[in-house]
Structure formats: structure tokens, C-alpha cells
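Asks: Going down the list, the sequences are from chains R and G.
Convert by adding 45 to the 1-based position in the first sequence; the result is the number in our numbering.
Convert by adding 45 to the 1-based position in the second sequence; the result is the number in our numbering.
Glycine included, every Cβ here is placed at the ideal spot set by N, Cα and C.
Dropping the structure in here first, questions after.
There are 2 protein chains.
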Amino acid sequence: MAEAKAWPPGRIKIADALRVLLETKDFGAITTSEIAKSAGVTEALIYKYFKGKRDLLYQLLSEYLEHYDVQVERDLKGIKGALNKLRKLIWSHINVYATDRVFAKILLLDVRSFSDYYTSETYKLVRKYTEILLEIIQEGIKNQEIRDDIPPVFLRQAILGSIENVCLTRVVFDQKISPDDLTEKLCEFVFKGIEHGASKN
Amino acid sequence: MAEAKAWPPGRIKIADALRVLLETKDFGAITTSEIAKSAGVTEALIYKYFKGKRDLLYQLLSEYLEHYDVQVERDLKGIKGALNKLRKLIWSHINVYATDRVFAKILLLDVRSFSDYYTSETYKLVRKYTEILLEIIQEGIKNQEIRDDIPPVFLRQAILGSIENVCLTRVVFDQKISPDDLTEKLCEFVFKGIEHGASKN
DNA sequence: CATGCTGGGTAAGGATTCCTAACCTGATCT
DNA sequence: AGATCAGGTTAGGAATCCTTACCCAGCATG
């Protein structure tokens, strides 16, 4: 909430330490003592600033999400048309995963299995992002750019699923993510579907 | 491998116990002692039959997958046309999640974050299933039913992602999954995309 | 100046959890 | 009768997450 840089040094060191560790290990394999050692503080300090190991992860993810939300808002400025906005949103989404591997891993792999994640403050930030996507879809339906015979919420889930799964496999197997290339293909798929015919330009 | 029912009673009780526990708790919150108690055996017996807690989960998932693979193979028999097969496959996929909530939870939430999962025997079974999907897509491209300007492997990832994400949200928030309804919507999305126009029948 | 208080940090320990090594026991084979 | 073996148990240990109580520098206040 308070986004002022009033954070004590210990807290910053801890969050940074986890960030670094996540580059090479998965969250489940990282221990609190490891984080503490890596941060140069004692284990107990972690529990001063965070409710627990998971809360630390959530707060780290929140930081990423706040940055990303701002970025997306900026990226979409000045773009006309729902489909054009959607294309840009997809690009931004893929691009952030391509840039911040750790962010991708947390969001796509680690937090998903924690049931308390879905009631966390962090998840609300994700909702805020998906809300943007929903609004674009609704705008597109109003404009006649997007078909109106499938519920927007459903479309959102399907679109997000395809974006994330395409990135997920690349994250898991440590393959390169090319935002431009993937965006192009994803938009072709999402906009026109897989049926032969409509794509004959 | 050996699909003979030659399994000792203890092993069965342990697997059953986990299955039951997974109905109400997530894997991370289930302890080995809890499993043992619930199964009516000692903790050490778990390690007689399984390499560890995770291996137990993987093997449980493998059982589900073996059943499902057989089911899918059956479901697809006698269907002509790649798109018709794909529709049926999507239905089967959604249907199994609708039927076996525990299976869905394991596959969509629990195992994904374990990095050793992706090198496990269990994951090979998943590959076997996704291979079927790939073959359908390739058949469709050959037939001219499916567009040929997006790589089949990419299409598979995108399609699977949309299926799974649609189900995932329902699994997470304990909402009902209606195979018929979701299949209809998903096929509309996957076949024709979101653009307005092509859907004017 | 003493006093108290507050924010940042530490020391020490405890319950739980996952897992292992060694042992037991009844059945089957020879 | 002795050996072997599958199915199971007893007992324990290292590691992990987390809590409680404590330390101490700075600094505002009377």
C-alpha cells in the first residue's frame, strides 16, 4: 500500500535475496535460512517484516505487479481500437515474461498452488490487470470488432490461458521467449481461430 | 508399468488415503503422518512403496492419466474429421476435470510447480496425451480443415492453455464445470477466434 | 541529564515434517 | 528345519519454519 521508499534496509536485503535465489532455484527448494544467509541477516528478521515465507513471496510478486500495471497502462495509451489494444496487451504480457524470468516463474508456477494466494492482496493486483483485458474485450464487442456471442469473461479466460500456456512451456524448459514472434502467432490464433479459410488474405 | 493388480494392501490404502485427503486439502498442506494415519499404516510404509511424498503424488496422478488415456482413445474412435475429433477431445478433457476434481487439482495446481515433475515418468503420460492432440492438428492441416500458417506445436500450446485456464478458474473457486456448455464456447473460440464477422452463420 | 520509548536487528530454541536404518513376523520354498 | 522374502513396524534424526524474548542506538521529552 504505502509505496514510499521508507523500507528498512533489512527488508530490502531480504526481498533482493529471494529474487536472486529464485533465478536458480524454485521457491519450494529455497529455505528461510538460505534466504537469511544470502541476505546477510538473521532468519528471525524475515518474520519481522513478513508473515511467513509465503507472504514474502507474495509481497515480492506484488512489487513486480505494481511495476507491470503501470507499464501496461502506459503501453495502451493512445492506441485506437479494441483489437489493436489487445494486440499490444498481449505483447506487453509476453514481453514482461521475456524480460523478468523470475516474475514469470512466480506467477505461472509458484503461487498457483497456494490456496491462500487467491484471497491475498497480491491476487487483487492480478485481478486489476485482468480487468483491463476485460474492458478491452467489452469495448470490442460494443464496437463490433469482437463477436458478441461468447461471454466476455469467458473470452478473457481463454485468451489469458493461451498466452500463459505458451509462455509457461518456455519458462519451464528454459527456452527463449520472443515477444514479437509469439505475439504475432497468438494474435492470429486469438483473432481468427484455427479454422482454415478466414486467413486467406 | 506393471498394471497387474499385484499391489499390496498397504500401498493401496496409502494411495486411497491421499486421494481422499486431496478432496479437502491441498497437497502442500497434507503431511506424511496425516496420510499414514488416514491410511491406517505407519509413516515408514509410505517410503517402502514410494520414493517420497512427491513420488506418491506422481504415481497417483499416473493412475488417473492411464485411465484417462484409455478413455480418450475410446472417445475418439469412429469420429471423422480433425475438427470433429478436436471437439470431442476438448469435451473429454473438460469432462474428466468435471468428473474428477482431485485429478484436476493435481494436474492444474499441484505438480506444475515441482521442477522434477517435468522429467518424471508421469509427465511422459501427459506428453502421450498431448501427442494425440498434435496428431489431430496435423491431420487437420493436411485435410485443409485447419490453417497451415501457424506451427502445429504452437497451436497445441494455445489450445491447451485455453482449455486448462477455463477449467482452472473453476477448480480454484469451486465452481461447477459444465462440459457441454464449455466445449461449445471453447470450440467457437478455438475454431473461429474472437473477431466479429466469421461467426455470422 | 536521566528517562523512556521506538525502530531495526539478534539469539536461542521448539514443534513439525520428511525421511532413514534397523528390526519384526508370518508365509513359502527346499 | 532352515533360509528367504514380502509386508509391515519401531525409533529416531536432520532440517525447516516460525516464535519468544532480548539487545541497543538514537532521540524526544521533562
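#1: For residue 202 of chain R, return the contacting residues in chain G, with the cut-off set at a CB-CB distance below 7 Å.
#2: So if I threshold CB-CB distances at 9 Å, which residues from the segment 227-239 of chain R count as touching chain G?
#3: Secondary structure at residue 242 of chain G, three-state DSSP: helix, strand or coil?
#4: By the three-class DSSP mapping on this structure, what secondary structure does residue 195 of chain G have?
#5: Does residue 146 of chain G have its Cβ less than 8 Å from a Cβ in chain R?
#6: Smallest Cα separation from residue 227 of chain R: which of R:148, R:196, R:141, R:191?
#7: Thinking residue 154 of chain R and residue 157 of chain G are a contact (beta carbons under 8 Å), I'd like their distance in whole angstroms, please.
#8: Between residue 234 of chain R and residue 121 of chain G, what straight-line distance do the alpha-carbon atoms span, to the nearest angstrom?
#9: At the 8 Å Cβ level, is residue 100 of chain R part of the contact set with chain G, yes or no?
#10: Measuring only the C-alpha atoms, how far is residue 223 of chain G from residue 217 of chain G?
#11: Who are the Cβ neighbours of residue 103 of chain G in its own chain at under 6 Å, not counting the five residues just before and after it?
#12: If we call anything under 8 Å between Cβ atoms a contact, is residue 90 of chain G one with residue 139 of chain G?
#13: Quick check: what's the CA-CA separation for residue 23 of chain R versus residue 55 of chain R?
#14: Look up residue 47 of chain R in the DSSP assignment and say whether it is helix, strand or coil.
#15: With distances taken Cα to Cα, identify the nearest neighbour of residue 112 of chain R among R:137, R:123, R:124.
#16: Start and end of the alpha helix (DSSP H) containing residue 104 of chain R?
#17: For the alpha helix (DSSP H) containing residue 128 of chain R, list its first residue and its last residue.
#18: Can you confirm whether residue 80 of chain G, when its beta carbon is compared against all beta carbons of chain R, has any partner nearer than 8 Å?
#19: Answer with buried or exposed for residue 196 of chain G, where buried requires no fewer than 16 other C-beta atoms within 10 angstroms of its C-beta.
#20: Whole angstroms is fine: what's the gap from residue 1 of chain R's alpha carbon to residue 123 of chain G's?
#21: Alpha carbon to alpha carbon, what distance is there between residue 99 of chain G and residue 82 of chain G?
#22: So which residues of chain R does residue 171 of chain G contact, with C-beta pairs closer than 8 Å?
#23: Taking only beta-carbon positions, decide if residue 219 of chain R is within less than 8 Å of chain G.
#24: Which residues bound the alpha helix (DSSP H) around residue 235 of chain R?
#25: Which residue comes first and which comes last in the alpha helix (DSSP H) that contains residue 64 of chain G?
#26: Is residue 183 of chain R helix, strand or coil by DSSP?
#27: Taking its Cβ as the centre, do 16 or more other Cβ atoms sit within 10 Å of residue 211 of chain G, making it buried, or is it exposed?
#28: First and last residue of the alpha helix (DSSP H) that includes residue 152 of chain R?
#29: In terms of residues, what are the limits of the alpha helix (DSSP H) holding residue 82 of chain G?
#30: For the segment 164-198 of chain R, which residues have a CB atom closer than 7 Å to at least one CB atom of chain G, in sequence order?
#31: Please decide whether residue 223 of chain G counts as near chain R, where near means a Cβ-Cβ distance under 8 Å.
#32: Between the C-alpha atoms of residue 67 of chain G and residue 241 of chain R, what's the straight-line distance to the nearest angstrom?
#33: When you compare the CB of residue 160 of chain G with every CB in chain R, is at least one pair closer than 8 Å?
#34: How about residue 205 of chain R: is its C-beta nearer than 8 Å to some C-beta of chain G?
#35: Measure from the C-beta of residue 154 of chain R to each C-beta in chain G and report whether the shortest distance is under 8 Å.
Replies: Short version:
#1: 210, 211, 214
#2: 227, 230, 231, 233, 234, 235, 236, 237, 238, 239
#3: coil
#4: coil
#5: no
#6: R:141
#7: 6 Å
#8: 24 Å
#9: no
#10: 15 Å
#11: 165, 167
#12: no
#13: Shown here, chain R extends from 46 to 246; a query on residue 23 of chain R therefore has no answer.
#14: A caution first: residue 47 of chain R carries a pLDDT of 42, below 50, which makes its placement in the model unreliable, though a value can still be read off. In this structure, residue 47 of chain R counts as coil in the three-state DSSP scheme.
#15: R:137
#16: 98-121
#17: 127-144
#18: no
#19: exposed
#20: Outside the displayed range of chain R (46 to 246) lies residue 1 of chain R, so it cannot be described from this structure.
#21: 18 Å
#22: Simply none; closest approach about 12 Å.
#23: no
#24: 224-237
#25: 54-67
#26: helix
#27: buried
#28: Unbroken run through residue 152 of chain R: none, as it is neither H nor E.
#29: 77-84
#30: 189, 190, 191, 192, 194, 195
#31: no
#32: 43 Å
#33: yes
#34: yes
#35: yes
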